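So the protein sequences, as listed, match chains A and B.
Under the working numbering, the residue at position 2 of the first sequence is numbered 1138, and the numbers go up by one with no gaps.
Under the working numbering, the residue at position 11 of the second sequence is numbered 1039, and the numbers go up by one with no gaps.
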Amino acid sequence: KAGVTQTPRYLIKTRGQQVTLSCSPISGHRSVSWYQQTPGQGLQFLFEYFSETQRNKGNFPGRFSGRQFSNSRSEMNVSTLELGDSALYLCASSLDRGGGGELFFGEGSRLTVL
Amino acid sequence: QQQVKQSPQSLIVQKGGISIINCAYENTAFDYFPWYQQFPGKGPALLIAIRPDVSEKKEGRFTISFNKSAKQFSLHIMDSQPGDSATYFCAAQRGWQFYFGTGTSLTVIP
């Protein structure tokens, strides 16, 4: 069974540009969530989607957005990139059985903003 | 506001020693407390988890101790091995919402 796939794995952008990251969840998983990982800050929750609907959103500016498609694949977009957006962006999928559901993470997309 | 506070930020342990990582939470509505392990270049993966109606859960060398009244839980790694060197995240869950700690970088010295 294939795991969570994130593309691209690495990318370099300059300030002011925008970026789109893609996530393909495990087959059958309808919940997809996104996290930003930076040293010292741990995993910061960005947003979570279920059946194409955003159910929850973290405390990030509006430059961060996402969406989920009917096949559960998800994308996140960051516009007007800032140096502080440099981070590892992780996508996680789950079966969403309610409390106690395991998150399955991809290996992440490492974004560097110059 | 950090929903889950984790300490220490980094930990160095000799091979065969005990590694202890602590977490605290405020929201009593949390009903599931997992620990995730992350190796360099990989995404986090579920290591072990506990529900608040249990005070301890053990899986091999890994044990979660849970203190509901103190709103604290900890991960104990017995007989720590160099292969345990990784970053560990505690988390608290309510429904589909997860709140992660800031992570602990564990280094086990041979």
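Beta carbons: idealized from backbone N, C-alpha and C, even for Gly.
Keep in mind that this is a model prediction, so the values were computed, not measured.
Cβ of residue i within 7 Å of any chain B Cβ
{"i": "residue 1195 of chain A", "result": "no"}
{"i": "residue 1147 of chain A", "result": "no"}
{"i": "residue 1192 of chain A", "result": "yes"}
{"i": "residue 1183 of chain A", "result": "no"}
Residue-chain proximity (residue i, chain D), Cβ-Cβ < 7 Å
{"i": "residue 1238 of chain A", "result": "Chain labels in this structure do not include chain D; the protein chains are A and B."}
Cβ-based neighbour list, residue i, same chain, cut-off 7 Å, excluding 5 preceding and 5 following
{"i": "residue 1221 of chain A", "result": "1214, 1247, 1249"}
Contact set for residue i: own chain, Cβ-Cβ below 8 Å, skip 5 residues either direction
{"i": "residue 1188 of chain A", "result": "1203, 1204, 1205, 1206"}
{"i": "residue 1032 of chain B", "result": "1051, 1052, 1053, 1118, 1119, 1120, 1127, 1128, 1129"}
{"i": "residue 1057 of chain B", "result": "1122"}
Under the three-state DSSP convention, the category residue i falls into
{"i": "residue 1062 of chain B", "result": "strand"}
{"i": "residue 1237 of chain A", "result": "coil"}
{"i": "residue 1198 of chain A", "result": "coil"}
{"i": "residue 1075 of chain B", "result": "strand"}
{"i": "residue 1219 of chain A", "result": "helix"}
{"i": "residue 1176 of chain A", "result": "coil"}
Nonlocal neighbours in the same chain, by C-beta distance under 6 Å from residue i, ignoring five residues either side
{"i": "residue 1167 of chain A", "result": "1186, 1230, 1232"}
{"i": "residue 1193 of chain A", "result": "1183"}
Any C-beta of chain A under 7 Å from that of residue i
{"i": "residue 1128 of chain B", "result": "yes"}
{"i": "residue 1071 of chain B", "result": "yes"}
{"i": "residue 1088 of chain B", "result": "no"}
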